[in-house]
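As structure tokens, the structure follows; a few thoughts come after it.
Protein chains in written order, with my numbering: chain H, 1 to 330; chain B, 331 to 690.
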């Protein structure tokens, strides 16, 4: 048993989990073409969830603040991107790919900009007065979530909003008998890009060094003369912007969004953060990919179970590792 | 914390007087307010007082934040609903339903408690939120069993039918006392009232007992309570189970009163938000706060919205005001009030008033 553990540890430890799940699913599904489609869908979904969850996890790791209102950024991002895309629908239908891309980036840019501004506002006005008081933190951010959801209802109304997609992301690739939606590849690549950027920032730059040090021992970093609170505002803004971007991506993926989107995603995001372990980017990515893969595999293998799949996954992982798969070193 | 001291302040007296007034109003509600809607409101107040008080056991007395409280409420409601539907209206069905609801609540509460009460409060809040959402989804998906989104309509035991005549006058018609028909509706209301009263008194006794003191000790300083020799995890799990059982019973009572159970009345997240608002507005950790908070919020839910609608109509000509006063914006304003309360009056109405006149 010990040898098996060591061997698994050398190969990558808990990072092997998605591979194991994918391999198991391959055996159970039997048809390689649908397996590839499902896996790509799962990875794409995982990456989008990762975008939404990473900010929450980082913020918690650095400042011990859990923002229950995080999903408000997701839904605002989704709705703002949808509005911008609808406004630029002329560009989207144009034949030129450059115009398509410009419209898409404007939409994402608007969502990110909103996330930054709203994140700053949220941090300074809502969260700052209740640092270190978990009970009031939960209550206040929950109150903020209620207000934000009501604002979305007031601005966009209760009816579903359809999201136009740019031409060049429509349709799907055909490789042999395997069909892959282009938007999924796009989502996966974008998520991977963001993960790489986050990973490099955290591990290769001075700011990242400070953030990691702050996660590990905040007082020490402050004692050395660094302004951790300013750093925290920046991380909070970044996390909110990522959540808004994730929401925007999700809007394009679903193509029809309702104000209930935020509440639905909040549950998934929480489950991902719990599975991954609070405070670590790697853990969040792992959790997000696991949730994405499981949702797609179980949805195909046993549709009746699909609703509870996230919950079963969470319970199983918590029984195995009570602090999540890869918690931040603390 | 004033709740720990034994001295009676003038503020405490005021709070208790207010609670006594609410009690008296609820006791005589069918005679004081003789329309159907008012009785509906009174019954809802009774049930929510119990529900909020049981939540207060968790959040106010023990410092546990759970988002699964409506789930337990829903278990009780659905237990009664399903058994009344399957077995027909009768007391046996009520008992079976209540016991089934309590059984499921107990099992789930023990599972959640043992699995996650060891970890940080914040973790627990997230896990309960996830569990509750799964329960909600399950209730709307297992439509053969729960009636799905439409819910279940059923008949209550014969005693509670409006047509049941409890007392007859000399002409063989339903006896009227002060103009109120002594019929099944009245019996149903007093069933709700007295069972809620009993549950509330039990909880009141519990927080006054040594157990309540231990819970407060855990809330104030967990490590110290553990060091003195109390098993913190056991106490937490225990109180979580008690709160779940009480919530489940409250659900059963409400299901019998409404004769309808669906996701909106028993399981939706909106109810969880209501409970949270009531406990914070009323005052955490006082029990009396639950009474005040539940009464105020239910009253404003039923009557303030009408007022807002009327105000919005009256101000149609003024540019922004009608939108601001739209009854649909009601939750928006409530949310803002909630945030301000948590900032400035974290003790809520009861806590703030009770602190008045306290020796400093």
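Each residue gets a CB set at the ideal place from its N, CA and C atoms; glycine is no exception.
- DSSP places residue 630 of chain B in the helix class (H, G or I) of the three-state scheme.
- At the C-beta level, residue 243 of chain H and residue 73 of chain H come within 7 angstroms of one another.
- With contacts defined by Cβ atoms closer than 7 angstroms, residue 443 of chain B and residue 427 of chain B do not form a contacting pair.
- For residue 181 of chain H, the uninterrupted beta strand (DSSP E) segment begins and ends at 178-181.
- Counting only the Cα atoms, residue 387 of chain B lies some 52 angstroms from residue 180 of chain H.
- No Cβ-Cβ contact shorter than 7 angstroms links residue 383 of chain B with residue 608 of chain B.
- Rounded to whole angstroms, residue 519 of chain B and residue 510 of chain B show a C-alpha spacing of 13 angstroms.
- In the structure shown, the three-state DSSP call for residue 511 of chain B is strand.
- Judged by beta-carbon spacing, residue 137 of chain H lies beyond the 7 angstroms limit of residue 147 of chain H, meaning their Cβ atoms are not closer than that value.
- For residue 665 of chain B, the chain H residues whose Cβ falls inside 7 angstroms of its Cβ are 143, 146, 147, 150, in order along the chain.
- Contact with chain B is absent for residue 25 of chain H, since none of that chain's Cβ atoms lies less than 7 angstroms from the residue's Cβ.
- With respect to residue 240 of chain H, residue 164 of chain H sits apart: the two C-beta atoms are not nearer than 7 angstroms.
- No residue range can be given for residue 280 of chain H, since it is assigned to no alpha helix (DSSP H) and is classified by DSSP as neither H nor E.
- Between the beta-carbon of residue 596 of chain B and that of residue 433 of chain B there is about 17 angstroms, and that puts the pair past the 8 angstroms contact cut.
- Secondary structure remark: continuous alpha helix (DSSP H) runs of at least 4 residues inside the region 389-430 of chain B, in chain order: 399-417.
- Within chain B, the C-beta atoms nearer than 9 angstroms to that of residue 263 of chain H come from 463, 599, in chain order.
- At a cut-off of 7 angstroms between beta carbons, residue 532 of chain B makes no contact with chain H.
- Boundaries of the beta strand (DSSP E) around residue 175 of chain H: 172-175.
- Contact annotation: in the region 355-389 of chain B, residues whose CB is within less than 8 angstroms of a CB in chain H are 389.
- Using a C-beta cut-off of 8 angstroms, the region 69-83 of chain H makes no contact with the region 292-303 of chain H, since fewer than three inter-stretch Cβ pairs fall below that distance.
- Taking 7 angstroms as the CB threshold, residue 134 of chain H lines the interface with chain B.
- Taking 7 angstroms as the cut-off, the beta carbon of residue 124 of chain H is found no closer than this to the beta carbon of residue 68 of chain H.
- Taking the C-beta atoms as reference points, residue 273 of chain H is found no nearer than 7 angstroms to residue 288 of chain H.
- When DSSP reads this structure, residue 257 of chain H sits in a beta bridge with H:161.
- Along the region 52-82 of chain H, going in chain order, the ones with a CB nearer than 7 angstroms to a CB of chain B are 66.
- Between the region 48-67 of chain H and the region 221-236 of chain H there are three or more inter-stretch CB-CB distances shorter than 8 angstroms, so the stretches are counted as touching.
- Annotation: the continuous alpha helix (DSSP H) that includes residue 668 of chain B extends over 660-674.
- Under the Cβ criterion of 7 angstroms, residue 438 of chain B is not counted among the residues facing chain H.
- If you draw a 10 Å sphere on the C-beta of residue 521 of chain B, you find 16 or more other C-beta atoms in it, and that means buried.
- Under the 10 Å beta carbon count, residue 14 of chain H is surrounded by 16 or more other beta carbons and is classified as buried.
- Annotation: the continuous alpha helix (DSSP H) that includes residue 214 of chain H extends over 206-216.
- In the DSSP assignment, residue 590 of chain B is bridged to B:483.
- In the three-state DSSP reduction, residue 230 of chain H falls in the helix class (H, G or I).
- Distance from the CA atom of residue 553 of chain B to the CA atom of residue 547 of chain B, rounded to whole angstroms, is 10 angstroms.
- The beta carbon of residue 455 of chain B sits closer than 7 angstroms to some beta carbon of chain H.
- Interface annotation, residue 553 of chain B: not in contact with chain H, CB-CB separation never under 7 angstroms.
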